[in-house]
Structure formats: structure tokens, C-alpha cells
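Last residue of the sequence shown: 291 in full-length UniProt numbering, with the numbers rising by one and none dropped.
Report on the following structure.
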Amino acid sequence: MPLLAIKNLSVSFLTSTGPFMAVNGIDITVDAREVLAIVGESGSGKSVSMLAVMGLLPDSATVKADSMVFDGIDLLRLEPKERRRIIGRDVAMIFQEPMASLNPCFTVGFQIEEVLRVHMNMDRSQRRKRAIELLTAVGIPDPADRLKSYPHQMSGGQCQRVMIAIAIACNPKLLIADEPTTALDVTIQKQILDLLVGLQQEHGMGMIMITHNMGVVAETADRVVVQYKGRKMEEADVLSLFENPQSNYTKALLAALPENATGDRLPTVGDYQMEVEDSTAVKTPPLEAPL
């Protein structure tokens, strides 16, 4: 049985111009100890799909699915209080922007210990000891001193490591990493990816890696789901995807890699006939005029 199995997930938002379908009937599964990459351009519904799993979408969102089963439990059938016991403990997420996700008003130590207080029922000394262990595990130097630091006193790479520490604090069964190397320089990107894969293998977690970077997919994933305009275009193991892509959109993504350039210019997505035609595609509502 998969660790997570989502069937026919759709997410729509109510806008001033009517409903906007951000995710349109996708299926996703991930096994324990497996790394699943969800890849696609910005706006393809990758993050929205996983925020639906976490229950973190705004009230303007309508989430529908035949089932959303995690570790044998259908999350859609749980009361909010029951679901909150699972989210953050057994299912954790690393968000795109660490500086926007960490609270600037509280120290790093407080924010790590808060997760332990809510989900692990630890006393103060246990929480502090565990927080130091977590910062050590993610490669933060002088972890005991860093507990007293505020997010603005740390670099972007260090804040990302703190976010990872918070996510793995309760030893989750499933870790969702949403563009975990965004806005980091290349050397830090490599360190963060190596850290995530090492933690995933050490703890036997299932991991979902959300990215638009095919290089990250090649380095980290066992299996890949390709999304385009809210729909799943293709699913394959990572080797098959790179050697024999089936959808035109996947071919376009791979052709746009610099190492695959064959002429004076890289091809664009527009050079390919996409499988989602205009008549059925998810349409982005027009921007509203400023007041």
C-alpha cells in the first residue's frame, strides 16, 4: 500500500471573474522510502496540490478528491482537529521561502520547540535538547547559541536549514519539499539537496520534491510526475523519463536544458504542440485593474 495515495484531486479558486481551476483531476502516489518529484513550470499546480494535502489552502479554495489516503487514513474524512494531529507530525512540509515562512518575531529555538511542544508533549529541557540535536543534524554551527537567533540574523541558507529542522523535528513519515533550493546560490543548493536526500535515507521517509529544475529531478528522484496547466501529463521512473519522454510537454522541458541545445537558440514550450488544448486548458483569469 502506498504511503500517500491521492485520487482525482481538483482544486479551484473563486475569483472576481468566476472559478479558476488550478488543479484538474490528478492522481499522485508515493511509497515509503521513495522520492517522488513533481515537476512543471510555475503555475502548473505543483504547490497547490501539496498545500491541499496539508490543508493549508485559503477559504477561497474548493478541494475535491475521490480519496486522499495517508498511511491508511483518508485525510478528507477526518475532523480538522484529527487532521492537525497528523499534519506537522507525520506529514511535514518545507516551504518555498524560508524568510517568509519563519516568524521574524520569535527566535529560531522557540519556533523549533513549538513543534515539539504541540506534537511530542516534551518538557522544556527535552525540547531544548532535541532542538540542539536538530540544528546539529542540519549542519548549523554552534547550535546552542543559534537557538537564541532571530531569522533576520541568519543567512538564507541557514534559514532553509532551520525550516528543514522544523520539518523533521517529529520524524515524519512523509516530507514535502517545495522548491527547497529557491533563491540559494549553487553551492548552497547542492548542500541542501544532499542534506535532504541524506535525511530521507537515514530516516526512511517518503519524500515529495516539488521543482521546475530537471537537474534536481535527475539527482534526487526515483519517480517523476509532470504537471502542466493543472493536469498530469506524464508519470515515469526517472531513467525512463529522461531517456524516453512520452508527452510533448516533457520533451519541451528536456529540450530546454542548456546541455540539450542543438542550434543557436533553446526551444521553448511554445515550439511544441501541448496535449492540453485551449478549449479544455486551465485558463488564468485576467489581472484586475488597480484601484
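We put the beta carbon where it would ideally sit given N, CA and C, even for glycine.
Because the structure is a prediction, the values reported are computed rather than measured.
Nearest-angstrom beta carbon gap, residue j and residue i [assumed within contact, 8 Å]
i, j, result
"Leu9", "Ile26", "5 Å"
"Asp90", "Pro141", "Rounded, the Cβ-Cβ distance is 30 Å, inconsistent with contact."
"Arg83", "Gly55", "6 Å"
"Leu184", "Gln200", "19 Å between Cβ atoms; not a contact."
"Phe13", "Ser60", "5 Å"
"Ala167", "Ile94", "5 Å"
"Gly40", "Val226", "6 Å"
"Val138", "Ile164", "5 Å"
"Leu76", "Asp31", "Contact flag wrong, Cβ pair sits at about 21 Å."
"Leu195", "Ala177", "About 11 Å separates the two Cβ atoms, so there is no contact after all."
Residue environment, residue i, which counts as buried when at least 16 other CB atoms sit within 10 Å
i, result
"Asn244", "exposed"
"Phe106", "exposed"
"Thr15", "exposed"
"Ser125", "exposed"
"Gly45", "buried"
"Asn103", "exposed"
"Gly198", "exposed"
"Pro286", "In this prediction, Pro286 scores a pLDDT of 38, lower than 50, which makes its location untrustworthy; no coordinate-derived value is stated."
"Val216", "buried"
"Glu235", "buried"
"Arg85", "exposed"
"Glu288", "A caution first: Glu288 carries a pLDDT of 42, below 50, which makes its placement in the model unreliable, though a value can still be read off. Glu288 comes out exposed."
"Val118", "exposed"
"Thr250", "buried"
"Val186", "exposed"
"residue 314", "No answer is possible for residue 314: it lies beyond the span of the chain, which begins at 1 and ends at 291."
"Lys232", "buried"
"Met207", "buried"
"Met1", "exposed"
"Arg146", "buried"
Residues bridged to residue i (per DSSP)
i, result
"Lys7", "Ser67"
"Ser12", "Met21, Thr62"
"Val53", "Its beta-bridge partners do not exist; DSSP assigns none."
"Met93", "Ile176"
"Ala37", "Met209, Val224"
"Val30", "Leu4"
"Asp74", "Val69"
"Ile87", "Val91"
Close Cβ partners of residue i (< 6 Å) along its chain, the five nearest in sequence each way excluded
i, result
"Thr181", "Gln189, Ile192"
"Ala5", "Thr29, Val69"
"Arg223", "Leu36, Asp237"
"Val48", "Val11, Ala22, Val23"
"Asp66", "Lys7, Asn8"
Same chain, Cβ closer than 8 Å to residue i, neighbours up to 5 away in sequence not counted
i, result
"Ala221", "Val35, Leu36, Ala37, Met209, Val238"
"Leu116", "Met122, Gln126, Arg127, Arg130, Ala131, Ala169, Cys170"
"Cys159", "Pro98, Met99, Leu102, Pro151"
"Ala144", "Ile132"
"Thr136", "Pro143"
Chain-order list of residues whose beta-carbon lies under 7 Å from that of residue i (same chain, five-residue window excluded)
i, result
"Lys148", "Thr107, Gly109"
"Met205", "Pro172, Lys173, Leu174, Leu175"
"residue 340", "The question about residue 340 has no answer here: the residues shown for the chain are numbered 1 through 291."
"Tyr257", "Tyr is not the amino acid found at residue 257; the sequence shown has Leu there. Around Leu257: Met214."
Contained alpha helix (DSSP H) runs [length at least 4] in the segment 180–251, N- to C-terminal order: Here the runs fully enclosed are 186–203, 214–220, 238–243.
Curious, which full-length alpha helix (DSSP H) runs of at least 4 residues does the segment 121–177 contain? Counting only runs that start and end inside the segment 121–177, the alpha helix (DSSP H) elements of at least 4 residues fall at 124–137, 143–146, 156–167.
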